[in-house]
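Asks: So that we are looking at the same thing, I have put the structure below in structure tokens.
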Amino acid sequence: MGAPTWAVAVVSFVVSSSVLAQTPPTPQESSPTPTEAPLAPPPTETEPPAAPPADKHRFESVVVGTSEAKTSGSIHILKPEKLQRYELDDPQAILQSVPGVYGRGEDGFGLRPNLGLRGVNPDRSKKVTLLEDGILFGPAPYSAPAAYYFPLMTRMQSVRVLKGPSSVQQGPQTVGGSVDLITRDIPTQESFGLDVAGGQYLYGKAHGYFGASTERAGFLIEGIHLRSNGFKDIDNSDATTGFHRNEWMAKARYRLVPDGELRQTLQLKLGYSDEASNETYLGLSDADFAANPLRRYKASQFDHMQWHRTQAVLSHVLEGRDITVTTSLYRQDLDRSWRKVNGFRGINISNVLADPTSARNAIYYGVLTGELDSSTPGEILLIGPNHRVFVSQGIQSIARWTAKTGPLSHSAEFGVRYHFDSIDRRHTQDGFRMVSGELVAEGGTTEVTADNKDSTHALALHATDAIAWGPLVVTPGVRLEVIRSQSVDKMAGTTQSGALEALMPGLGVYGALSPALGLFAGAYRGFSPPAPGQPQTVGPEKSINYEAGARWSRRGERFEVVGFFNDYSNLTDVCTFSNGCLNDNLDRQVDAGEANIYGLEAYAEKTFRPGGGLTFPLTVAYTFTRTKLLNDFRSSDPQFGNVVAGDELPYVPHHQLFASIGVEGARWGAFINSTYLGSMREEAGQGDIPEGKKTGALLAFDVNAHWNITRWGQLYVSGRNILNEAVIVGRRPYGARPNAPRTLIGGFKIQL
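Residue numbers (mature numbering (1 follows the signal peptide of the UniProt record, and there is no 0)): -21 to -1, 1 to 731.
Encoded structure:
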């Protein structure tokens, strides 16, 4: 974004009262009060006189002013008490408690989760709109949507998952829906919290925050350190396979005009994150996995990911009697470098691990494990860093307006966002020989495999209105994306530009049969833009998505069943290294043509109260999904290959189930959570899935317990995958990789 654009952005920010656009939640919705669910029942607290009213609706008003219970679409909110019950760090493990959300495992920690909604490709969560406090947090959501950064879940206060017609409120990815992570708000009074934990594999967590407010100003400082030595062992090496991550966040708020008909507030949010992890794409042969799933080959000993990220968001909030306008100016920078095994000079590693005992492959397999020395040029291992620099910045505004016109009540939202992002790639690699079980540099010239820069300017507008008439709520909506992109290949000396406009209408209807029971249905246009640099013949992903269901909700109890059908006129696939694509095909898109994805989601949540001071919370979420490709096509992505009409999509489970049951007393609680994820194809196909082409079905159990030793202190223990189940969660790009093994953790929390 050039200087003139930023000048316009600043002017727009100053006159935000006249700008209508898309933003993070307003202060009434940004977080609970108090800041975190208390360790013990707190005394009654009152808001400062200038504080906005209706904080009690913080988690209820989620879609253009409509309550979660009466939304004409599928929406789920994970609230603070539920996130604290789980005591999980892995975003995928947390979000799989929501029907319609599934994932493909990779590192076992969830450092770079692969999330999908309603059948979309889960690779690097690139088909899901990801937000933090309503701001896109992906490194480059338009130019390179693969989410190589994901915030730490332990600092989140709630999570909102939107599917169905409400998806048009967020973009650019609307084919599946959106996930919005809500951070801690500035507390209304002085507040301090500390969470310290330790466990197996030298797991460690230190999480603290402090904040305070006066009638006009407030602040919050929060920091987290998360680490582990890793659960895998490298052959004949003392090197660890774990990670450490740090995240810092600071917020400040000043009420410019605290009282009157038009109140104004200025907010600033700053963030810094970094990670160092000894992660690899190199997995195991199936035979080695069966013998020891926690093994890592010697060839991966140099693999290391390192990145750092900065964030700044400046927001202005204008509040009137019937309208709230929030305008945010934001910028995020990410610099990452991942040094890893890219392959052999003479053969594809995935082919070696698929058949490691053949006469030819056995030699390469011996080099991978360090048992044999490299003796020919083809046995040279190519190792190098993929260095990428990302920028994501823009200005967005949202206006929320409530009104009555005769018998009709309106809760409208109008939004606009101007966004720019870019990715600058420089990928290099060097040759290494395996000599006496150690990697030794070949000493040749460093090879540059990619040197390019992609960038995108995007203007997005949306409008929705929840129109209520008695028991009926009709919510029409529309989204417009105007996208201009450019791709510069520095190695080839070429520049390619792209232009795209997309209109996405939607309509949802909710009808109340009783105060607790209602029916809903909706349809909308799904959209996913192509990345910069694609051929002119390549188009965006497009679909028409339908859903219909029934919802019963009363006093925290909820039962819901939803059927969905996504009719794709063009399903797309982008080739990535994590899928096993070679350098020549990286970031190339293939149009798969027509496809159908359909299924059923069921959700139940109820707390039984038999008396005696005990409660028994129960949650069950089930998802059934089927997919079908309707056209023949060929793809350079190994996930697809040669597709025949009728083939199923890869990495979409037919069945997924989450269940949680617990018991809570006045000062203690204990929970058992179970997750079942069915076996998934790793390559498009139909009929029985061949061995070596599917993931394992996983049934895992977690247990958690806590005891409030004082009003301000709590002890807790957590057992993850308590039965120590081990299955292959994926073979992309190079070999079988496991889920995380049983991990026992203990910790304490202080909240003052």
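Backbone N, C-alpha and C define an ideal beta-carbon position, used for all residues, glycine too.
Keep in mind it's a predicted model, so treat the numbers as computed, not measured.
1) Look up P455 in the DSSP assignment and say whether it is helix, strand or coil.
2) Where are the beta strand (DSSP E) runs, 3 residues long or more, that stay fully inside the stretch 460 to 498, in chain order?
3) If we ignore side chains and look at the alpha-carbon of each, how far apart do L293 and L597 end up?
4) Taking 7 Å as the line, does the beta carbon of D611 fall inside it for any heavy atom of the ligand ATP?
5) In the structure shown, what three-state DSSP assignment does F281 receive?
6) Tell me which same chain residues have a C-beta within less than 6 Å of the C-beta of V631, skipping the five on either side of it?
7) Taking buried to mean at least 16 other C-beta atoms within 10 Å of its own C-beta, is S157 buried or exposed?
8) By the DSSP assignment, the beta strand (DSSP E) with K607 in it spans what residues?
9) By the three-class DSSP mapping on this structure, what secondary structure does S337 have?
10) Buried or exposed: where does F595 fall if 16 or more other Cβ atoms within 10 Å of its Cβ makes it buried?
11) Apart from the five residues on each side of it in sequence, which residues of its chain come closer than 6 Å, Cβ to Cβ, to H398?
12) Over what stretch of residues does the alpha helix (DSSP H) that includes E580 continue unbroken?
13) Does the stretch 71 to 87 come into contact with the stretch 175 to 186, if we say contact requires no fewer than three beta-carbon pairs (one atom in each stretch) closer than 8 Å?
14) Quick one: give me the first and last residue of the alpha helix (DSSP H) that I73 is part of.
15) Cβ of Y276 within 8 Å of Cβ of L351?
16) Check whether the stretch 126 to 143 and the stretch 464 to 472 are in contact - that is, three or more C-beta pairs closer than 8 Å.
17) Distance check for D444 and P386, CA to CA, integer angstroms please.
18) Based on the DSSP secondary-structure assignment, which residues constitute the bridge partners of N687?
19) May I ask you to report which of helix, strand or coil DSSP gives A255?
20) Comparing alpha-carbon positions, which option in T244, N545, I213 lies nearest D282?
21) With distances taken between CB atoms, is the gap from M228 to G250 smaller than 8 Å?
22) Hey, quick one: how far does the alpha helix (DSSP H) through R64 stretch, first residue to last?
23) Identify which residue in S376, L628, G423 has its Cα closest to the Cα of I362.
24) Can you tell me whether DSSP reads A126 as helix, strand or coil?
25) So A382 is in the beta strand (DSSP E); what residue range does that whole segment cover?
26) For G625, which residues in the same chain have their Cβ closer than 6 Å to its Cβ, ignoring the five residues on either side in sequence?
27) Measure the C-alpha to C-alpha separation of K58 and S216 and round it to an integer number of angstroms.
28) So, with DSSP's three-state summary, where would you put Y260?
29) What number of angstroms, rounded off, separates the C-alpha of T220 from the C-alpha of R660?
30) Would you kindly work out how many angstroms separate the C-alpha atoms of Y695 and V682, rounded to a whole number?
31) Alpha carbon to alpha carbon, what distance is there between G262 and residue 734?
32) Report buried or exposed for V708, applying the criterion of at least 16 other Cβ atoms within 10 angstroms of its Cβ.
Replies: With the given structure in hand:
1) Secondary structure of P455 (DSSP, three-state): strand.
2) With a minimum length of 3 residues, the continuous beta strand (DSSP E) runs that stay inside the stretch 460 to 498 are 473 to 491.
3) Roughly 40 Å between the two C-alpha positions.
4) The ligand content of the structure shown is nil, which means the ligand ATP is not present either.
5) Residue state for F281 is assigned as coil, using DSSP reduced to three classes.
6) Within the same chain, and ignoring the five residues on either side of V631 in sequence, the residues whose Cβ sits closer than 6 Å to its Cβ are G98, T604, T606.
7) Around the beta carbon of S157, a 10 Å sphere encloses 16 or more other beta carbons of the protein chains shown; the residue is thus reported as buried.
8) Element bounds for K607: 593 to 608.
9) If DSSP states are grouped into helix, strand and coil, S337 belongs with coil.
10) Under the 10 Å beta carbon count, F595 is surrounded by fewer than 16 other beta carbons and is classified as exposed.
11) Within the same chain, G373, A437 come within 6 Å of H398 by CB-CB distance, once the 5 residues on both sides are set aside.
12) In this chain, E580 is not harboured by any alpha helix (DSSP H); it is covered by the beta strand (DSSP E) spanning 568 to 590.
13) Short answer: they don't touch.
14) Where I73 is concerned, the enclosing alpha helix (DSSP H) stretches over 70 to 74.
15) In this structure, Y276 keeps its C-beta atom at 8 Å or more from the C-beta atom of L351.
16) Output reads no: the stretch 464 to 472 does not touch the stretch 126 to 143.
17) In a straight line, the C-alpha of P386 is about 15 Å away from that of D444.
18) N687 is bridged to Q693.
19) In this structure, A255 counts as strand in the three-state DSSP scheme.
20) Of the candidates T244, N545, I213, the residue whose Cα lies closest to the Cα of D282 is I213.
21) A contact, by the Cβ cut-off of 8 Å.
22) Counting along the chain, the alpha helix (DSSP H) containing R64 begins and ends at 59 to 65.
23) Taking only the C-alpha atoms, the option nearest I362 is G423.
24) In the structure shown, A126 sits in coil (DSSP, three-state: anything other than H, G, I, E or B).
25) Run containing A382: 360 to 384, per the beta strand (DSSP E) assignment.
26) Close CB contacts of G625 within its chain, under the 6 Å cut and outside five residues either way in sequence, are with Q665 (chain order).
27) If you take the alpha carbons of K58 and S216, they lie about 43 Å apart.
28) It is coil, neither helix nor strand.
29) Rounded to whole angstroms, T220 to R660 spans 28 Å at the Cα level.
30) Counting only the Cα atoms, V682 lies some 11 Å from Y695.
31) With the chain covering -21 to 731 only, the question about residue 734 has no answer from this structure.
32) Looking at its Cβ environment, which holds 16 or more other Cβ atoms inside 10 Å, V708 is buried.
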